[in-house]
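These notes concern the structure reproduced below.
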Amino acid sequence: MSQLVFLVPLFPLVGFLLAGLGRNYLSRSVSGIIASAAVFASFVVSLFIFQEVRAEATPVIVELFPFIDVAGIRIPFAFQVDRLSVLFLLVITGVGFLIHLYSSAYMKEESAPHYARYFAYLNLFVFNMLLLVLGANYLIMFIGWEGVGLCSYLLIGYWFKNKAYGAAARKAFVMNRIGDLGFLLGLFFLLQQFGSLTFSEVFPGAAGAPSEIITLITLLLFVGATGKSAQIPLFTWLPDAMAGPTPVSALIHAATMVTAGIYMIARSNILYTLAPATQLVIAIIGLCTAILAATIALKQNDIKKVLAYSTVSQLGYMFLGLGVGAYTGAVFHVITHAFFKALLFLGAGSVIHAMHHEQDIRKMGGLAKKLPQTHLTFLIGCIAIAGIPPFSGFFSKDEILINAYAFSPVLYWIGMAGALMTAFYMFRLYATTFRGTFRGTCEQAHHLHESPWQMTLPLIILAIAAVAAGFMGIPELFAKDAHWLQRFLSPVFEQSTALQHAHTISHSTEYLLLGISIALLLTVIVYAWKRFSSKPDLNEAVGIGKLLERKWLVDELYDSIIARPLNHIAGWLNTVAEKKGIDGLVNGSGKLVQWGGRQLRLLQSGQVGGYLLWMVLGMLLLLVLIKTL
Amino acid sequence: MTVSEILFWFLSALAIAGALMMVVGKNPVYSVLWLVVVFFAISGHYILLNAQFLAIVNIIVYAGAIMVLFLFVIMLMNLNAENEPQKNRWMWLAGSVSGGTLLLVLVAALRTSELLAVQKVSEGGETGLIKTLGSVLFKDYVLPFEVSSILFLSAMVGAVVIGKKGD
Amino acid sequence: MPVNYYIFLSLTLFSIGVAGVLTRRNAIIIFMCIELMLNSVNLLLVAFSKMHFGNVELSMLNSNVGIEAQLFVFFIMVVAAAEVSVGLAIIVMMYRNIHSVDVNFLNRLKH
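Chains as they are written, first to last, in the numbering used here: chain B, 239 to 867; chain A, 70 to 236; chain E, 150 to 260.
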């Protein structure tokens, strides 16, 4: 079955081609069914592969055809099926299918060609994401990496008639490109050091490579990851990416694409384990991002923006996990986050759908009765992300934070503060949206309705997953050898595990930390619930709140220190270097030739005698040359 | 100095002088006559070189036929007046300097050629006799000979066509 | 006589011809200068013919040595005669059109 792994990306590709090329001929239902069926087929194949991989620990490499074979560099187009990639396969195709299903109802208002275009992009995205996780070498991964960036651009700018959305798409693309440059440079260094990009050839030899080179490579790859996974300093594109349709935000900007950086680092775990300096950088950047994004999320009033900053923040936690060597914890959080964040986004989408594209939570409120299923599932998502046991977010976040504690207690407490903020803003969001009284217009109130089954079914499935997913990683604390995920992934990380010092924290400390954190979280949640249910935060923010609302002015900062000087340089290049220098050179050479032509024309007097004279002079010259040579 | 040497120098001087006069002469008719003198001098050289046939042909064809043709044309067009009104000093200078330089370069090139310095032009022999020339001409070179007759024919036709008035 | 004398004589005549072509503007005189150049070459050919005849071995006396050069002179005269007939026809034509034989009036090549 593993040999048939090429089917997994093939189905979405075919779906993309069918929906994309036939967009003008297919009706909405047909293109929706084609796209959803393609992803569902991939999901089924992935399930079979998962069954197989569960029994067999060694990675299977499926080589489809030689891709680059030149000058001693051999890069095949190959897929690697192992326990890490199969987990991502399941998440991508599973969540992907649910979101396709959801989209088929959510996008109903679009005209048939645009509807088909949307699904074509979505399928292309799934295809590229699958390439990314299946690639057996960094180049295939890079193809997928670029591909998802492109699809992200296309989908953010899906409503391209809105100029602001187009600008957001461009911003996402440019930010990603900056990261991709780092990734690409990392690949070049890898190729120079190891002469190969294939995982199975690079990783075994990594221990023998000089540590500075490894540090350099890992830092460059991490730059790529900051772009794709929205970390400081390249995180500002992700909140703007909310310009895309909400299911896209759920799939690309929460569940899958943004976790590509985590996947890449987890895949190259051995390199990172060998580069402690890089790990420290990752941990610090992850933690800073988590805190920064969480503070911004405290004051946002757009339902999707809150979730977007929450995503950035959660990604920060994943990087913190990677930085402290908790690879399993990071992957665990990726999976649980995929479920509950997709759930939250889809829930938000359902709210937006019901509210007729109103995204400002200050104009909502009291939706719990009108949208019971959405309300319940959204609440589950909030509890999951806040980290209340036994919901999934608790297990994965706890694992990361415990590992951070083992690394350094300071990281734990800062991370804990971030988690408290997470709980606060999530329940602020929840309470403002679903509790209290309705603050929208009468017309909106009249039209409030629960979404169709295509939208609520994914919500329910994801809610179940968000509750249950945590049980795949029950910590040692509660039960011996119950951490299924750790056992499952141990072959992938065994090289790193061998190099790492075993952090041991006594069970009593762990119980204490857990107790404190749960108590604090519950306090915060109850406070936020009460506070925002009765008296939602409707006024304009002031003081530090204003600063938070304006996102710490990071965009303005980037604008003034990078964008504007660049614009000035570009303007100078345009007016001076281009117009005067290059045009001058080009026009000057033209003018020189014209002038030379005018001068030479004088020789063409038309006088036969003159011509004869030149002929004789030429003959003389020839004779002299012959004589002297 | 033998008689033939005296004759060589005399004829050479005559040829060069005639050529110079031909070039500098203002009246075209005089130029033609000076050219005839040059041809005679060259024919004299041919005789010195035992090329009797060519000497005679040269006189008949060049000095006789061609030059008379030139004279005809000049007379016909009334060109015997000195009609080069706009003298261009620069052109004169450039032309003579170029010609002189050409001579200088060629002489300089050939002066040091040792091979030629030792070679002598033999005297006597029967090569130039019409009998020997004729037998080779009509045996080995009969085809070029016939071709040249066609050339003549076409030249004649061409001259008639070009010279025909009007239409 | 050494052959160089003939060579230098021919060169002198040839150069005078070239100088004449360059300096004069009367088409007929230019034409005559061309004839002069042809003749200087003829003279050289005959001189070489004799030189080779004198150097040849006795056993090869019956060969065509020295004869071919004179035959070439003969052919050159043929060609020259043909050329003169056509050339003069052209000059006549030119005179008929522009009422002059000055080549400087023939500057139509410019256009």
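Heads up, the beta-carbon is just placed ideally off N, CA and C, and yes, glycines get one too.
Query, Result
"is_contact[A:Met317, chain B] using C-beta, thresh 8 Å", "As displayed, chain A neither begins before 70 nor continues past 236, which places residue 317 of chain A out of reach and without an answer."
"Residue range of the unbroken alpha helix (DSSP H) whose run includes B:Asp207", "Nothing can be reported for residue 207 of chain B: it is not among the residues displayed for chain B, which extend from 239 to 867."
"B:Phe645 vs B:Val572 beta-carbon contact at 8 Å", "no"
"CB-CB length for B:Phe305 against B:Ile313, believed under 8 Å", "5 Å"
"Interfacial residues, the region 156-171 of chain A to chain B, with Cβ spacing under 8 Å", "Met160, Ala163, Gly164, Ser167, Gly168, Thr170, Leu171"
"First and last residue of the uninterrupted alpha helix (DSSP H) at B:Pro514", "514-535"
"Host beta strand (DSSP E) of B:Ala717 (start-end)", "Careful: B:Ala717 lies outside any beta strand (DSSP E) and carries neither H nor E."
"Minimum Cβ-Cβ distance from B:Leu811 to chain D less than 8 Å", "The structure shown contains no chain D; its protein chains are B, A and E."
"Residue range of the beta strand (DSSP E) that includes B:Pro314", "311-319"
"Meets three-Cβ-pair contact criterion under 8 Å: the region 320-340 of chain B and the region 273-291 of chain B", "yes"
"Chain-ordered neighbours of E:Val252 on chain B, where CB pairs are closer than 7 Å", "Val846, Gly847"
"Local conformation of B:Thr436 per DSSP, three classes", "strand"
"Beta-carbon neighbours of A:Asn119, restricted to chain E and to distances below 7 Å", "Lys199"
"Pair within 8 Å by beta-carbon distance, E:Ile239 and E:Asn191", "no"
"Within chain E, the residues that A:Ala84 reaches when beta carbons sit closer than 8 Å", "Leu158, Leu162"
"Three-state secondary structure (DSSP) of A:Leu148", "coil"
"B:Thr472 - DSSP class collapsed to helix/strand/coil", "The residue asked about is misnamed: residue 472 of chain B is Leu in this sequence, not Thr. Coil at B:Leu472, not helix or strand."
"Cβ of B:Val854 within 8 Å of any chain E Cβ", "yes"
"Cα-Cα separation, A:Ser217 to E:Ala230", "11 Å"
"Extent of the continuous beta strand (DSSP E) run through B:Asp636", "Premise fails: B:Asp636 lies in the alpha helix (DSSP H), 630-645, not in any beta strand (DSSP E)."
"Close-in-space but distant-in-sequence residues of the same chain around A:Gly197 (CB under 6 Å, 5 per side omitted)", "Asn119, Ala120, Gln121, Phe122"
"Distance between B:Ala513 and B:Val908 (C-alpha atoms, nearest Å)", "As shown, chain B starts at 239 and ends at 867. That puts residue 908 of chain B outside it, with no answer to give."
"First through last residue of the beta strand (DSSP E) which encompasses B:Ile623", "Not the beta strand (DSSP E): B:Ile623 falls in the alpha helix (DSSP H), residues 610-624."
"Segment contact flag, the region 684-693 of chain B with the region 605-614 of chain B, C-beta cutoff 8 Å, min 3 pairs", "yes"
"Spatial distance of B:Lys399 from B:Val268 (CA atoms)", "25 Å"
"Endpoints, alpha helix (DSSP H) assigned at B:Glu294", "That residue, B:Glu294, is in no alpha helix (DSSP H); it is neither H nor E in DSSP."
"Local Cβ density within 10 Å of B:Lys773, reported as buried at 16 or more and exposed below that", "exposed"
"Reduced DSSP secondary structure (H/G/I, E/B, other) of B:Asn375", "strand"
"A:Met146: contacting residues in chain E (beta-carbon distance under 8 Å)", "Val241, Tyr244, Val250"
"Interfacial residues, the region 221-232 of chain E to chain A, with Cβ spacing under 8 Å", "Val222, Phe223, Phe224, Met226, Val227, Val228, Ala229, Ala230, Ala231, Glu232"
"Same chain, Cβ closer than 8 Å to A:Leu76, neighbours up to 5 away in sequence not counted", "Gly113, Leu117"
"Entirely enclosed alpha helix (DSSP H) segments - the region 753-805 of chain B, minimum 4 residues", "782-787, 792-796"
"Chain-order list of residues whose beta-carbon lies under 6 Å from that of B:Leu322 (same chain, five-residue window excluded)", "Val730"
"Cutoff 8 Å: E:Val190 Cβ touching any chain B Cβ", "no"
"Stretch pair the region 278-288 of chain B + the region 384-400 of chain B: three plus CB contacts closer than 8 Å", "no"
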